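*Asks:* Here's a structure for you.
Number of protein chains: 2
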Amino acid sequence: MMDKTCRVCQGSWPRKDHFIADLGLSNAYLHDDQYFPGWTVVVFKRHATELFHLAPTERIQLMEEVNLVAKTLAQVYEAKKINYELLGNQLPHIHWHVIPRLAGDPSSLEPVWRVEHEPILRSGPDLQSMVQGLQQAIQNAR
Amino acid sequence: MMDKTCRVCQGSWPRKDHFIADLGLSNAYLHDDQYFPGWTVVVFKRHATELFHLAPTERIQLMEEVNLVAKTLAQVYEAKKINYELLGNQLPHIHWHVIPRLAGDPSSLEPVWRVEHEPILRSGPDLQSMVQGLQQAIQNAR
Chain D
1 MMDKTCRVCQ GSWPRKDHFI ADLGLSNAYL HDDQYFPGWT VVVFKRHATE
51 LFHLAPTERI QLMEEVNLVA KTLAQVYEAK KINYELLGNQ LPHIHWHVIP
101 RLAGDPSSLE PVWRVEHEPI LRSGPDLQSM VQGLQQAIQN AR
Chain H
1001 MMDKTCRVCQ GSWPRKDHFI ADLGLSNAYL HDDQYFPGWT VVVFKRHATE
1051 LFHLAPTERI QLMEEVNLVA KTLAQVYEAK KINYELLGNQ LPHIHWHVIP
1101 RLAGDPSSLE PVWRVEHEPI LRSGPDLQSM VQGLQQAIQN AR
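Protein chains in written order, with the numbering used here: chain D, 1 to 142; chain H, 1001 to 1142.
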């Protein structure tokens, strides 16, 4: 089940070099913008747009996959709080934003969307090292 | 299990006149600010701050309760998309924001947090009528 007009189904987002792990029903990727370190997106594999469009067994498994990522990010980044967000206003294909919020975050009380900033893009060995670190941590947490 | 320093555990938020339904492990309330019509919060009853602090059975049931609210709001408000957000940056006691985004929403592509606006507070018969409508709709959707 795919939607030809959907950027996720087309494979144009998230970027393949940001891939972290195949979790089962979803894939985890490092988010393009790493201003908030560790921001991860958990992308449902087939095309669906709302939790209530999923079979209960799928919904439960997807949320356990999101939970695994949240737990891992909390450990790796020593997060003060995790933000979990399923929005889809621009790209309705189900993708969860899982964002570790750190004690040193200058805007720790605000949703990330309220924090004006220049995006921090990672690439090359720097990106690879972040991705591999999270791959290993998710593997260990399973 | 409660936290004496927590506004939810103290019973000072959400407002009791905004109560919609007891869902089992959580209670649903109309959000104070109704600039986005139907914005609902699903508040876990006992004090906990992260999904991964819950027992798997609790997490699964909580998410099914969030799902029921999302499905109901989508029907009642003919929503284009539902936003699901568990943040807790200011108030870590688990509470899900479930926000119907409507086709006529002037900022439909943006997270609600990016939309500058004067809060719309409901009270009296107006509030009562919204709450009762949602109570009935959740009852029917069960």
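Using N, Cα and C, we set each Cβ at its ideal position, and we do this for glycine too.
Model, not experiment: these values are computed from the prediction.
Mind listing the chain H neighbours of D:F36? Cutoff is C-beta to C-beta under 9 Å, in chain order.
*Replies:* Taking a Cβ-Cβ threshold of 9 Å, none of the residues of chain H is close to D:F36; the smallest such distance is about 12 Å.
*Asks:* Pick from D:K81, D:E118, D:G124: whose alpha carbon is nearest that of D:D33?
*Replies:* Ranking the options by Cα distance to D:D33, first place goes to D:E118.
*Asks:* Starting from D:P100 and walking both ways along the beta strand (DSSP E), at which residues does that stretch end?
*Replies:* 95 to 101
*Asks:* Identify each residue in the stretch 97 to 129 of chain D for which the Cβ-Cβ distance to at least one residue of chain H is less than 7 Å, and report them in chain order.
*Replies:* Taking 7 Å as the Cβ-Cβ cut-off against chain H, the residues of the stretch 97 to 129 of chain D that qualify are R101, S108, L109, E110, P111, W113, R114.
*Asks:* Whose Cβ in chain D lies nearer than 8 Å to the Cβ of H:Q1090?
*Replies:* Simply L109.
*Asks:* Using CA coordinates, which residue listed in H:Q1075, H:Q1010, H:F1036 is at the minimum distance from H:E1116?
*Replies:* H:F1036
*Asks:* Just checking: is the beta-carbon of H:F1052 within a distance shorter than 7 Å of some beta-carbon in chain D?
*Replies:* yes
*Asks:* On a Cα-Cα basis, can you pick out the residue from H:E1064, H:V1066, H:P1056 that is closest to D:K144?
*Replies:* As shown, chain D starts at 1 and ends at 142. That puts residue 144 of chain D outside it, with no answer to give.
*Asks:* Along chain H, which residues have their Cβ under 7 Å away from the Cβ of D:L87?
*Replies:* N1083, P1111
*Asks:* Identify the continuous beta strand (DSSP E) that holds H:V1042 and give its terminal residues.
*Replies:* 1040 to 1044
*Asks:* Spatial neighbours of H:Q1090 within its chain, please: CB distance less than 7 Å, with the 5 preceding and 5 following residues excluded, ordered by chain position.
*Replies:* none
*Asks:* By Cβ distance below 7 Å, which residues in the same chain neighbour H:C1073 in space, the five residues on each side in sequence not counted?
*Replies:* Per the sequence shown, residue 1073 of chain H should be read as Leu rather than Cys. For H:L1073, where only same-chain residues beyond five positions count, the Cβ hits under 7 Å are G1038, T1040, A1079, I1082, V1098, P1100.
*Asks:* Given a cut-off of 7 Å on the beta-carbon distance, is the pair D:G24 and D:E65 in contact?
*Replies:* It is a contact, given that the beta carbons lie within the stated cut-off.
*Asks:* Going by the DSSP bridge assignment, what does H:A1028 pair with across the sheet?
*Replies:* H:A1021, H:V1042
*Asks:* To the nearest angstrom, how far is the alpha carbon of H:H1018 from that of H:L1062?
*Replies:* Going from the Cα of H:H1018 to the Cα of H:L1062 covers about 20 Å.
*Asks:* How about D:N27 and D:V43: are their beta carbons less than 7 Å apart?
*Replies:* yes
*Asks:* Can you tell me whether H:I1138 is helix, strand or coil according to DSSP?
*Replies:* In the structure shown, H:I1138 sits in a helix (DSSP, three-state: H, G or I).
*Asks:* Which of the three DSSP states is assigned to H:E1110 in this structure?
*Replies:* H:E1110 sits in coil when the DSSP states are folded into three classes, being neither helix nor strand.
*Asks:* Check H:L1091 in the structure and name its three-state DSSP category.
*Replies:* H:L1091: coil per DSSP, three-state reduction.
*Asks:* By alpha-carbon positions, which one of D:H31, D:Q75, D:P106 ends up nearest to D:A137?
*Replies:* D:Q75
*Asks:* Please state if the CB of D:H95 and the CB of D:H47 are separated by a distance shorter than 7 Å.
*Replies:* no
*Asks:* Could you check where the alpha helix (DSSP H) with H:L1086 kicks off and where it finishes?
*Replies:* H:L1086 -> not in any alpha helix (DSSP H); beta strand (DSSP E) instead, spanning 1081 to 1086.
*Asks:* Hey, does D:N140 have any beta-carbon neighbour from chain H nearer than 7 Å?
*Replies:* no
*Asks:* Starting from H:H1033, follow its DSSP beta bridges and name the residues at the other end.
*Replies:* Per the sequence shown, the amino acid found at residue 1033 of chain H is Asp instead of His. Answer by DSSP bridge pairing, in chain order: H:L1121.
*Asks:* Mind checking which residues open and close the alpha helix (DSSP H) that includes H:K1071?
*Replies:* Its alpha helix (DSSP H) spans residues 1056 to 1076.
*Asks:* With a cut-off of 8 Å on the beta carbons, I'd call H:M1144 and H:R1142 a contact; round off their distance for me.
*Replies:* One cannot answer for residue 1144 of chain H here, as it falls past the ends of chain H, which runs 1001 to 1142.
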